[in-house]
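Novice: Following this message is one structure expressed as structure tokens.
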């Protein structure tokens, strides 16, 4: 038995990589109906790895669209429970000519593994599974209880997992949720993301006159649907960029002093952010 | 010699109509280069009719694009001079399937003459020429001096006439300009239009970030070019619909009491205007 988890990881590095490459080879493109079987295959792959990592009650859960994968280990009652979220579906790989190597033929270059989904989110999700495997293999236990819920619709709106979570509150109950679908803050700087932005959207249609109206005859009197939309959208934010939905900010907690302090330690350079990352004349 | 102008018009009605039909048959579509020769032919037609009406110094004036047609009669020195404007070019006739009869085969239906350009502006422009012809033929003179300037680029922006007017102020000097390119207020109600709306336009481009930026990571910090345009365009008018160009309204004369009074006599019905003409839920 390896002396510690790091040693276990070193000894199994090649196998871990081979398994990840196998998963990355599956074109589990959730937006394209012709890849339905590939998406299913990726779900089965994830379930098999969860079982091998020593999780219990592993299941591939059918939904109206793409399956969810669940697994749990609840061997330390009284300890906190961590719910790990990730997704095994990927975006379409277009435009293909932008790829240096084919998107579903994983390639190692300069110590990085390039493939569609390697960084969103098969790669990160896989590290969670392998962390459980390594901890169980070396220590025989885990410091916390753990549940995995991995979806295959992240890139298409996530309707099935939203329904499943709403319907299975007790089964999924946890003290903390750990989302693998986030980024490292900087190269070589593994990061814990403690806040995610929400999304509210609506499709708005504006209709004005029933027929073409000459601006010289009707402009100023007849409504213009495009200008109506412009006025409406311009009112979505105030002059300081604050969203004008009543009471929206009442539920927003300001960052804690510790959070603010931790941000100070990040390697953030505003001019580099502006010029290299954003590439705009100014920030908002 | 006819006893009066009305009698002259009655006696020559068939010829007037035949001449107008001949002009309407010419597909003088100024936007389409393949109709260049047709546009020239329409200009020549108009010039010939001006000469026949007894105007002097008739000329077809070449420009960078489509010719102008000029003619004058200055036989009553000391009397006011009227400058008559019109255009002999037409819009493309698409969509063709919407025409009951072909656009360049003028057809009489219910006492109306249908053809591309019949109402914009060959028909109206022709009435001015025929008015001069009838007055000259019956009275031997005209009550005012008159100048005609007819263009062939009204439907493509009118760049040549704008240059010509700027360069020929003395030649075109007049006490009043009479524009034939306006409409009757209502069926059976010949109208004098005493005001025309101006047009100021600009092409605005907005550019934001140099590359695609995920709203979840950059939204709120990086500028969005579309939203920038929305904010800009929304500021073009205030909440009451007034244009927010500084001093714009300082040069705007309010309508005279006589004008306001004359409007009261127009057969205007706001609900009919809204429901039948505009077809929108409300006016601005």
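Residue numbers (my numbering), protein chains in the order written: chain E, 36 to 319; chain P, 36 to 319. Built from N, CA and C at the ideal position, the CB exists for glycine as well.
Can you give me, in chain order, the residues of the segment 126 to 150 of chain P that have a beta carbon less than 9 Å from any beta carbon in chain E?
Specialist: Residues passing the 9 Å Cβ filter: none.
Novice: Could you tell me which chain P residues have their CB closer than 7 Å to the CB of residue 313 of chain E, listed as they occur along the chain?
Specialist: Within the first chain, the letter at position 278 stands for residue 313 of chain E. Those within 7 Å of residue 313 of chain E in chain P are 244, 248, 253, 257.
Novice: Please name the residue in P/243, P/210, P/156, P/172 whose C-alpha comes closest to that of residue 185 of chain P.
Specialist: Working through the second chain from its first residue, we reach residue 185 of chain P at position 150. Nearest C-alpha to residue 185 of chain P: P/156.
Novice: Could you give the first and the last residue of the continuous beta strand (DSSP E) run that contains residue 92 of chain P?
Specialist: As a working note, residue 92 of chain P is residue 57 in the second chain. Here the beta strand (DSSP E) through residue 92 of chain P covers 91 to 96.
Novice: Measure the Cβ-Cβ separation of residue 82 of chain E and residue 95 of chain E and say whether it is below 8 Å.
Specialist: As a first step, residue 82 of chain E is located in the first chain; it is residue number 47 there, counting from the start. As a first step, residue 95 of chain E is located in the first chain; it is residue number 60 there, counting from the start. The answer is yes: Cβ separation under 8 Å.
Novice: At a CB-CB cut-off below 9 Å, which residues of chain P make contact with residue 318 of chain E?
Specialist: Here the question's residue 318 of chain E lines up with position 283 in the first chain. Those within 9 Å of residue 318 of chain E in chain P are 256, 257, 258.
Novice: Taking the beta carbon of residue 298 of chain P as the centre, do at least 16 other beta carbons fall within 10 Å, making it buried, or is it exposed?
Specialist: As a first step, residue 298 of chain P is located in the second chain; it is residue number 263 there, counting from the start. Residue 298 of chain P is exposed by the Cβ-count criterion.
Novice: Could you give the first and the last residue of the continuous alpha helix (DSSP H) run that contains residue 204 of chain P?
Specialist: Sequence index remark: in the second chain, residue 204 of chain P carries index 169 (1-based). Unbroken alpha helix (DSSP H) run through residue 204 of chain P: 204 to 207.
Novice: Between residue 246 of chain E and residue 236 of chain P, what straight-line distance do the alpha-carbon atoms span, to the nearest angstrom?
Specialist: One-based indexing of the first chain puts residue 246 of chain E at position 211. One-based indexing of the second chain puts residue 236 of chain P at position 201. Rounded to whole angstroms, residue 246 of chain E to residue 236 of chain P spans 23 Å at the Cα level.
Novice: Below 8 Å on the Cβ atoms is my contact criterion, and I expect residue 257 of chain E with residue 243 of chain E to pass it. Report the Cβ-Cβ distance as a whole number of Å.
Specialist: Along the first chain, read from residue 1 onward, the residue named residue 257 of chain E stands at position 222. Along the first chain, read from residue 1 onward, the residue named residue 243 of chain E stands at position 208. Indeed, because the Cβ distance is near 7 Å, the residues count as touching under 8 Å.
Novice: Counting only beta-carbon separations shorter than 8 Å, does residue 265 of chain P have a partner in chain E?
Specialist: One-based indexing of the second chain puts residue 265 of chain P at position 230. With 8 Å as the cut-off, residue 265 of chain P counts as an interface residue toward chain E.
Novice: Return helix, strand or coil for residue 307 of chain P, following the three-state DSSP convention.
Specialist: Against the second chain, residue 307 of chain P aligns to sequence position 272. Here residue 307 of chain P sits in helix by DSSP.
Novice: Using a threshold of 8 Å, state whether the C-beta atoms of residue 137 of chain E and residue 56 of chain E are closer than that.
Specialist: Position 102 of the first chain, counted from the first residue, corresponds to residue 137 of chain E. Position 21 of the first chain, counted from the first residue, corresponds to residue 56 of chain E. No, they are not a contact pair.
Novice: Looking at the unbroken alpha helix (DSSP H) that takes in residue 164 of chain E, where does it start and where does it end?
Specialist: If you number the first chain from 1, residue 164 of chain E lands on position 129. Residue 164 of chain E -> alpha helix (DSSP H) spans 157 to 174.
Novice: Residues of chain P with a CB under 9 Å from the CB of residue 212 of chain E: which are they?
Specialist: In the first chain, counting from the first residue as 1, residue 212 of chain E sits at position 177. Result: empty, since nearest Cβ-Cβ is about 17 Å, beyond 9 Å.
Novice: Can you list, in chain order, the residues of its chain whose CB lies under 6 Å from that of residue 89 of chain E, leaving out five sequence neighbours each side?
Specialist: Translated into positions along the first chain, residue 89 of chain E becomes position 54. Result list for residue 89 of chain E: 171, in chain order.
Novice: Please report how far the alpha carbon of residue 260 of chain P lies from the alpha carbon of residue 316 of chain E, in whole angstroms.
Specialist: Here the question's residue 260 of chain P lines up with position 225 in the second chain. Here the question's residue 316 of chain E lines up with position 281 in the first chain. Rounded to whole angstroms, residue 260 of chain P to residue 316 of chain E spans 11 Å at the Cα level.
Novice: Find the nearest neighbour of residue 124 of chain E within the set E/275, E/176, E/109, E/64, judged by alpha-carbon distance.
Specialist: Reading the first chain from its first residue, position 89 is the one you call residue 124 of chain E. Checked all of E/275, E/176, E/109, E/64; the closest Cα to residue 124 of chain E is E/64.
Novice: So what does residue 238 of chain E bridge to, in DSSP terms?
Specialist: Numbered from 1 along the first chain, position 203 holds the residue referred to as residue 238 of chain E. Its beta-bridge partners do not exist; DSSP assigns none.
Novice: Take residue 120 of chain P as the anchor and find which of P/189, P/76, P/134 has the nearest alpha-carbon.
Specialist: Locating residue 120 of chain P in the second chain gives position 85, where the first residue counts as 1. Ranking P/189, P/76, P/134 by Cα distance to residue 120 of chain P puts P/189 first.
Novice: Determine contact between the segment 149 to 167 of chain E and the segment 41 to 58 of chain E, defined as no fewer than three beta-carbon pairs at a distance below 8 Å.
Specialist: Flag = yes, the segment 149 to 167 of chain E and the segment 41 to 58 of chain E touch.
Novice: Below 6 Å CB to CB, which residues in the same chain sit around residue 179 of chain P once its five sequence neighbours on both sides are set aside?
Specialist: The residue labelled residue 179 of chain P in the question sits at position 144 within the second chain. Excluding residues within five positions, the ones whose Cβ falls inside 6 Å are 114, 115, 117.
Novice: Could you work out which residues of chain P lie near residue 28 of chain E, taking near to mean beta carbons separated by less than 7 Å?
Specialist: Missing from the structure shown is residue 28 of chain E; chain E here goes from 36 to 319 and no further.
Novice: What does residue 186 of chain E pair with, by DSSP beta-bridge criteria?
Specialist: Residue numbering aside, residue 186 of chain E sits at position 151 when the first chain is read from its first letter. Its beta-bridge partners are E/122.
Novice: Name the chain P residues that come within less than 9 Å of residue 232 of chain E, Cβ to Cβ?
Specialist: On the first chain, residue 232 of chain E is found 197 positions in, with the first residue counted as 1. Going along chain P in sequence order, the residues near residue 232 of chain E (Cβ under 9 Å) are 250, 251, 252, 254, 255.
Novice: For residue 207 of chain P, I'd like the list of residues in its chain whose CB is within less than 7 Å of its CB, leaving aside the five on either flank, ordered along the chain.
Specialist: The sequence position of residue 207 of chain P within the second chain is 172, counting from 1. Within the same chain, residue 207 of chain P has close Cβ partners 118, 182, 184, 200.
Novice: Could you tell me the distance, in whole angstroms, from the CA atom of residue 227 of chain P to the CA atom of residue 278 of chain P?
Specialist: Position 192 of the second chain holds residue 227 of chain P. Position 243 of the second chain holds residue 278 of chain P. Straight-line Cα distance between these residues: approximately 27 Å.
Novice: Using the rule of at least 16 other Cβ atoms within 10 Å of the residue's Cβ for burial, across every protein chain shown, is residue 313 of chain E buried or exposed?
Specialist: As a working note, residue 313 of chain E is residue 278 in the first chain. Label assigned to residue 313 of chain E: buried.
Novice: For residue 62 of chain E versus residue 78 of chain E, is the C-beta spacing smaller than 8 Å?
Specialist: As a working note, residue 62 of chain E is residue 27 in the first chain. As a working note, residue 78 of chain E is residue 43 in the first chain. The answer is no: Cβ separation not under 8 Å.
Novice: Can you tell me whether residue 107 of chain P is buried or exposed? The criterion is at least 16 other CB atoms within 10 Å of its CB, across all chains shown.
Specialist: Along the second chain, read from residue 1 onward, the residue named residue 107 of chain P stands at position 72. Counting Cβ neighbours within 10 Å, residue 107 of chain P comes out buried, since at least 16 surround it.
Novice: Which term fits residue 320 of chain E, buried or exposed, when burial requires 16 or more other beta carbons within 10 angstroms of its beta carbon?
Specialist: Past the edges of chain E, shown from 36 to 319, lies residue 320 of chain E, and the structure says nothing about it.
Novice: Buried or exposed for residue 215 of chain P, please, with buried defined as at least 16 other CB atoms from any protein chain shown within 10 angstroms of its CB.
Specialist: In the second chain, the residue the question calls residue 215 of chain P occupies position 180. Residue 215 of chain P comes out buried.
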